[in-house]
Amino acid sequence: MSHKLKKKKKECSFDFSNISKGDIDELNLIYFQVNTVGLLVYADLMYYFAVITAINDVMTENGSQRNGFKSDRLLIKYSTLGVWVYIYLTMINIIRYKTMQIRKAAGKFKFSLMPNLFIITGSILNIVIYLYFYQGANEFLSRDVGGLSFSNDNNKNRILALLNAQKNTMIIRFYADYLFFKASIESMIVVESKYNKEMKESEIPNPDITAINSQFLYLVSRTMIWQIAMKRLEIVINSIDAQTSYSGFLNGEILFIRGNLYGIIANIFAFIGFSEISNRNNIQPIFGG
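To convert, note that position 213 of the sequence shown is 413 in the numbering used here; the numbers rise steadily by one, no gaps.
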């Protein structure tokens, strides 16, 4: 007697056969955002290594022994990449805003889109920030051809203390990057959860809270870096010889201070935007359509 073994076909837990165009578009945007955040992490790594190189340069008394991989050039690369990152993020946010405008016109979404405008404003201001940083880094490169000597041991020690504080501040920045990346991944899971028959409600993450925390840490780190830049300006002024032109040595410092000030404003806009979106999503989700 022959027996036929029948294998039960395992049912796929995901059913994307009826996925809406809105969710497909949103997943594509989030995927682009995930890759863009990866570039942001790379840019912050360049900034981190620029600070470490600057620490080594200050500790080197003989100018000829300065590290050939100069911190100024790293800052230029960091600033250039930062501009492109926030151009991409601005594009993503504008596309998302226009998509939601269409949904609102179709009656599928009835709440204010002002939080999205806050986030777009923050992204645009971040482009301005990195343009300031780019100009400032080029000023540093021009200035450091002659070299800025911290012959006064007290000033040298204060600069080293500020640079080490700046290096430690980047730990907060990296954690903010991680949370921003995590929020993007969680957003994908939220969209996919609509088509996953086996996913429990308790397993669905809340990307809004993660995004708010990331923006808060960005705000904290940017404020700390701005304070460091202000203290650094004071030390640089005290380190300039009487015969040296102030403007030639202070332009870069002032540009970085302005950039960080705009950065604080940008992070405030983004923080408010994500907070309002979280409140809005407690009433109605933004995905799909």
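All C-beta atoms, glycine included, are put in the ideal place defined by N, C-alpha and C.
- Query: Going by the CB atoms, is the gap between residue 408 and residue 241 shorter than 8 Å?
  - Reply: Here residue 241 is taken as the residue at index 41 of the sequence shown, counted from 1. Here residue 408 is taken as the residue at index 208 of the sequence shown, counted from 1. Not a contact, by the Cβ cut-off of 8 Å.
- Taking only the alpha-carbon atoms, compute the straight-line gap between residue 184 and residue 229 and give it to the nearest angstrom. Any answer about residue 184 is impossible in this case: the structure gives the chain only from 201 up to 489.
- Query: Name the DSSP bridge partner or partners of residue 326?
  - Reply: Mapped onto the sequence shown, residue 326 falls at position 126. Its beta-bridge partners do not exist; DSSP assigns none.
- Query: Is the Cβ-Cβ distance between residue 332 and residue 458 less than 8 Å?
  - Reply: Looking up residue 332 in the sequence shown gives position 132. Looking up residue 458 in the sequence shown gives position 258. Yes, the pair counts as a contact, with Cβ atoms nearer than the cut-off.
- Item | Local Cβ density within 10 Å of residue 366, reported as buried at 16 or more and exposed below that | Looking up residue 366 in the sequence shown gives position 166. Per the 10 Å Cβ criterion, buried.
- Item | Own chain partners of residue 321 with C-beta closer than 6 Å, once the 5 adjacent residues on each side are dropped | The count along the sequence shown starts at 1 and reaches residue 321 at position 121. Scanning its chain for C-beta atoms nearer than 6 Å, with the 5 sequence neighbours on each side dropped, one finds around residue 321 the residues 469, in chain order.
- Message: Does residue 346 come out as helix, strand or coil in the three-state DSSP assignment?
- Response: Residue mapping note: residue 346 aligns to position 146 of the sequence shown, counting from 1. Caution is warranted here: a pLDDT of 46 is assigned to residue 346, below 50, making its placement in the model unreliable, and no coordinate value can be reported.
- Item | Nearest-angstrom Cα separation, counted from residue 256 out to residue 328 | Numbered from its first residue, the sequence shown carries residue 328 at position 128. Numbered from its first residue, the sequence shown carries residue 256 at position 56. Taking the straight line from one Cα to the other gives about 30 Å.
- Query: DSSP three-state call for residue 218: helix, strand or coil?
  - Reply: Mapped onto the sequence shown, residue 218 falls at position 18. Residue 218: coil per DSSP, three-state reduction.
- Item | Straight-line Cα distance separating residue 337 from residue 471 | For the purposes of this step, residue 471 is identified with residue 271 of the sequence shown, where counting begins at 1. For the purposes of this step, residue 337 is identified with residue 137 of the sequence shown, where counting begins at 1. Put simply, the backbone Cα of residue 471 is about 28 Å away from that of residue 337.
- Go ahead and pull the three-state DSSP assignment for residue 382. Position 182 of the sequence shown, counted from the first residue, corresponds to residue 382. Residue 382 falls in the helix class under three-state DSSP.
- Query: Contact between the stretch 381-393 and the stretch 277-291: three or more CB pairs below 8 Å?
  - Reply: no
- Taking only beta-carbon atoms, is residue 366 less than 8 Å away from chain C? No chain C appears in the structure shown, which is made up of a single protein chain.
- Task: Report all residues from its chain with a CB closer than 8 Å to the CB of residue 453; omit the five preceding and five following residues, and keep chain order.
- Result: For this step, residue 453 is matched to residue 253 along the sequence shown. Closer than 8 Å at the Cβ level, and outside the excluded window around residue 453, lie 336, 429, 432, 433, 436.
- Item | Inter-residue spacing [alpha-carbon to alpha-carbon] between residue 234 and residue 270 | Sequence index remark: in the sequence shown, residue 234 carries index 34 (1-based). Sequence index remark: in the sequence shown, residue 270 carries index 70 (1-based). If I take the Cα positions, the gap works out to 30 Å.
- Query: Just checking my contact of residue 380 with residue 421 at CB under 8 Å: how many whole Å lie between their CB atoms?
  - Reply: Locating residue 380 in the sequence shown gives position 180, where the first residue counts as 1. Locating residue 421 in the sequence shown gives position 221, where the first residue counts as 1. 12 Å between Cβ atoms; not a contact.
- Message: Suppose contacts are defined by Cβ-Cβ distances below 8 Å. Is residue 300 in contact with residue 316 by that definition?
- Response: Looking up residue 300 in the sequence shown gives position 100. Looking up residue 316 in the sequence shown gives position 116. For residue 300 and residue 316, yes; Cβs fall inside 8 Å.
- Message: In whole angstroms, give me the CA-to-CA distance for residue 463 and residue 303.
- Response: In the sequence shown, the residue the question calls residue 463 occupies position 263. In the sequence shown, the residue the question calls residue 303 occupies position 103. Distance between the alpha carbons of residue 463 and residue 303 is about 32 Å.
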